[in-house]
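Student: Please read through the structure below; I'll follow up with questions.
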Amino acid sequence: MEWDTSGMTLATTGDDGMVRLWQSNLNGVWHHQAAFEPTSYPHME
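See the structure below:
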């Protein structure tokens with residue numbers, strides 16, 4: 310979980326690896342704004 314500097318946007322992640330962005334309005338109601346799927350990179354040795 311991570312807040313932006315304004316405290317109005319929250320980034321969360323869960324067991325599924327998705328990163329979700331939430332934004333609060335002036336009434337304190339949170340709305341889902343975006344979701345990002347995890348990416349994988351080839352293992353480097």
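Whatever position you read off the sequence shown (first residue = 1), add 309 for this note's numbering. Built from N, CA and C at the ideal position, the CB exists for glycine as well. Fair warning: this is a prediction, and the values are worked out from it, not measured in the lab.
For the beta strand (DSSP E) containing Ser-333, list its first residue and its last residue.
Tutor: Per DSSP, the unbroken beta strand (DSSP E) holding Ser-333 starts and ends at 328-333.
Student: What does DSSP give as the partner residue(s) for Thr-348 in the beta ladder?
Tutor: DSSP, once it has assigned bridges, lists no residue as partnering Thr-348.
Student: Out of Met-327, Thr-314 and Leu-335, state which residue places its alpha-carbon closest to the alpha-carbon of Thr-348.
Tutor: Met-327
Student: I believe Thr-318 touches Arg-329 by the beta-carbon criterion, under 8 Å. Please report the beta-carbon distance rounded to the nearest angstrom.
Tutor: Actually they are not in contact, since the Cβ atoms of Thr-318 and Arg-329 sit about 11 Å apart, beyond 8 Å.
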